[in-house]
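Colleague: A single structure is presented below for examination.
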Amino acid sequence: MVTEGIEFVNAKADVVIDYLKSRELLKKEVNPSSLRIENEGKLLILQLMNGRMKEYPIRKAFLYKLLRWYKFPINQLFKLSLDTISSICNDYLMNIKRNKVILKIENQEALSILSPDYNEITDIEVINEVTKLGVRNISRNDFFLSIKTEDKIKIQPVKGDDFGIGINITNSETGFRSLKVSHFLLRYICSNGAYSKISAEEDNFKHHYGKVNLKKFLNTHIKKAEESRKQLIEKLIESNNIILNTSKEFYIKKLEPILGKKEATSLFSDFSQYQTLYELFNSITLKAKNYDLSKRYFLEGFAGDMLLNFSQSNN
Numbered sequence: 000m001v002t003e004g005i006e007f008v009n010a011k012a013d014v015v016i017d018y019l020k021s022r023e024l025l026k027k028e029v030n031p032s033s034l035r036i037e038n039e040g041k042l043l044i045l046q047l048m049n050g051r052m053k054e055y056p057i058r059k060a061f062l063y064k065l066l067r068w069y070k071f072p073i074n075q076l077f078k079l080s081l082d083t084i085s086s087i088c089n090d091y092l093m094n095i096k097r098n099k100v101i102l103k104i105e106n107q108e109a110l111s112i113l114s115p116d117y118n119e120i121t122d123i124e125v126i127n128e129v130t131k132l133g134v135r136n137i138s139r140n141d142f143f144l145s146i147k148t149e150d151k152i153k154i155q156p157v158k159g160d161d162f163g164i165g166i167n168i169t170n171s172e173t174g175f176r177s178l179k180v181s182h183f184l185l186r187y188i189c190s191n192g193a194y195s196k197i198s199a200e201e202d203n204f205k206h207h208y209g210k211v212n213l214k215k216f217l218n219t220h221i222k223k224a225e226e227s228r229k230q231l232i233e234k235l236i237e238s239n240n241i242i243l244n245t246s247k248e249f250y251i252k253k254l255e256p257i258l259g260k261k262e263a264t265s266l267f268s269d270f271s272q273y274q275t276l277y278e279l280f281n282s283i284t285l286k287a288k289n290y291d292l293s294k295r296y297f298l299e300g301f302a303g304d305m306l307l308n309f310s311q312s313n314n
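Right, dumping it as structure tokens:
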């Protein structure tokens, strides 16, 4: 139905940079009325009528971004025919209430569609700025970029179970995530990863609308992350002494919007309300490895934030 770009999982920085420099990337400011989606065989094709017609195979990121503008439930796509999907997309294109949109074309494929108000911060800019912190590895697909720094702090919340704590920076050139700084936790014994907000009170530090000084933004929020690291460490240590006493359904409902009811239920098939928060954290991050990069990042973020936000009110 759609194509997908190259995906990198825990790759070296120079490998990702080489790819970003080698791609052919175009940005076109177009009137949405000049766009139409057709299906040819098994593929969705974007037609751009701008003097003469150009055709581009559609990437998954483009399709999801257009549908996301109208809050279409992505998990319902597999139930629809290509004719139905293209018809819905064309109705959505015709209902865009602005004269211009930004069409992003990568290697002659339709990568994303963006509002002209979206302030693009390129992945190369972010990688170059973060390099001085020491990059552990980079994961990237059409939806987002995730950079893990070298873990500067090492702790042992449970005897014999070592963790490293560093910084994670995310970005998106396609409009799915904002530039954001988080904590990164790495469990050495099984290479499980997790991410956590800088504080429970503030949802996140993010930016992609309006002007931003990239260097200043990253420096400011990395400093905030370092200042709040002590609280995260305390929560991680404390989690081994907290018995959940929480229903399985509570967690299934939290993950259902992303995974769907069936997958979310399966994820907690061995759940016990008598296990500790620490055990549940490790179970989720271990199982997260079985998912694609986007879902894996979501699950690892859920597990990390669960440590920071857990309270007995969840019972």
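Residue numbering for the sequence shown follows numbering that gives the first Met the number 0, starting at 0 and increasing by one per position.
Idealized CB from N, CA, C, for every residue including glycine.
To which residues does DSSP link D150 through a beta bridge?
Modeller: According to DSSP, which records beta bridges pairwise, D150 is partnered with nothing at all.
Colleague: Which of helix, strand or coil does DSSP assign to P156?
Modeller: Reduced to three states, the DSSP call for P156 is strand.
Colleague: Determine, using beta carbons only, whether D301 and K260 come nearer to each other than 8 Å.
Modeller: Per the sequence shown, the amino acid found at residue 301 is Phe instead of Asp. Not in contact: F301 and K260 (Cβ atoms no closer than 8 Å).
Colleague: Could you tell me the distance, in whole angstroms, from the CA atom of V125 to the CA atom of T264?
Modeller: Looking at the two C-alpha atoms, the distance is approximately 37 Å.
Colleague: By the three-class DSSP mapping on this structure, what secondary structure does L81 have?
Modeller: Helix.
Colleague: Roughly how many angstroms lie between the CA atoms of N281 and L292, to the nearest whole one?
Modeller: Going from the Cα of N281 to the Cα of L292 covers about 18 Å.
Colleague: To the nearest whole angstrom, what separates the beta carbons of K54 and I101, a pair I think is in contact under 8 Å?
Modeller: Rather than Lys, the amino acid found at residue 54 in this sequence is Glu. In fact, because the Cβ distance is near 19 Å, the residues do not count as touching under 8 Å.
Colleague: Return the CA-CA distance between K70 and K64, expressed in angstroms with no decimal places.
Modeller: Their backbone Cα atoms lie some 10 Å apart in a straight line.
Colleague: In the stretch 88-136, which residue ranges form an unbroken beta strand (DSSP E) of at least 3 residues, counting only runs that do not cross its ends?
Modeller: For the stretch 88-136, whole beta strand (DSSP E) runs of length 3 or above, ordered along the chain, are 100-105 and 108-113.
Colleague: Does the stretch 163-175 touch the stretch 104-122, meaning 3 or more C-beta pairs lie closer than 8 Å?
Modeller: Contact between the stretch 104-122 and the stretch 163-175 is present, because at least three Cβ pairs lie under 8 Å.
Colleague: Taking Cβ positions, are I241 and F162 nearer each other than 8 Å?
Modeller: The answer is no: Cβ separation not under 8 Å.
Colleague: Would you please state the rounded distance, in angstroms, between the beta carbons of I137 and V15? I believe it to be under 8 Å.
Modeller: Confirmed, about 5 Å.
Colleague: I'd like the list of long-range same chain contacts for D17, defined as Cβ closer than 7 Å, with 5 residues on each side in sequence excluded.
Modeller: Result list for D17: empty, nothing under 7 Å.
Colleague: Can you have a look at D202 and say buried or exposed, based on whether 16 or more other CB atoms are within 10 angstroms of its CB?
Modeller: At D202 the pLDDT is 49, less than 50, meaning the model places this residue with poor confidence; the figure from the coordinates comes in the next sentence. With fewer than 16 Cβ atoms within 10 Å of its Cβ, D202 is classed as exposed.
Colleague: Would you kindly work out how many angstroms separate the C-alpha atoms of E105 and I44, rounded to a whole number?
Modeller: Cα-Cα distance, rounded: 14 Å.
Colleague: Please classify K215: is it buried, with 16 or more other beta-carbons within 10 angstroms of its beta-carbon, or exposed?
Modeller: Under this definition K215 is an exposed residue.
Colleague: According to DSSP, which residues form a beta bridge with M48?
Modeller: Answer is M52, bridged to M48.
Colleague: Alpha carbon to alpha carbon, how far is N94 from S190? Give it in angstroms, no decimals.
Modeller: Distance between the alpha carbons of S190 and N94 is about 46 Å.
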